Amino acid sequence: MAMSFEWPWQYRFPPFFTLQPNVDTRQKQLAAWCSLVLSFCRLHKQSSMTVMEAQESPLFNNVKLQRKLPVESIQIVLEELRKKGFQEWPEQLRLYPV
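Numbered according to the numbering used here, the sequence shown spans residues 31 to 128.
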């Protein structure tokens, strides 16, 4: 049986795919992205991926909205996960373990 993922409301909101300049808004947005990444990876039992794989993944690429989080923003989300202790930066690949 295939597992279905419940996307949060933000995933259907186009501005979610553009990191916001307002500090408070950005912090809330990064918290939402971190929660989404951890939930998605937990459900799919995915412990790592490269940034380029992440950009093509449905996680950061909403085909229906035709919006994708830019690579630079993905790196910011992954850095936020690193600060919280959820991921590491190996020498050549940027990975986020679950």
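Glycine included, each C-beta is placed from N, C-alpha and C at the ideal position.
Since we're looking at a predicted model, the values are computed, not measured.
Quick check on this structure: which residue in the options has the alpha carbon closest to the alpha carbon of residue i?
i, options, result
"residue 74", "34, 106, 115 and 48", "34"
"residue 45", "103, 82, 77 and 86", "103"
"residue 36", "79, 68 and 81", "68"
Is residue j closer than 7 Å to residue i when the C-beta atoms are compared?
i, j, result
"residue 43", "residue 99", "no"
"residue 64", "residue 108", "no"
"residue 40", "residue 62", "yes"
"residue 89", "residue 116", "no"
"residue 76", "residue 101", "no"
Tell me, please, which residues DSSP counts as bridged to residue i.
i, result
"residue 98", "91"
Within its chain, find whatever has a CB closer than 8 Å to the CB of residue i; leave out the 5 residues flanking it on each side and keep chain order.
i, result
"residue 114", "64"
Please go through the same chain and pick out, in chain order, the residues whose beta-carbon is closer than 7 Å to the beta-carbon of residue i, but skip the five residues on each side of it.
i, result
"residue 49", "56, 59, 103 and 106"
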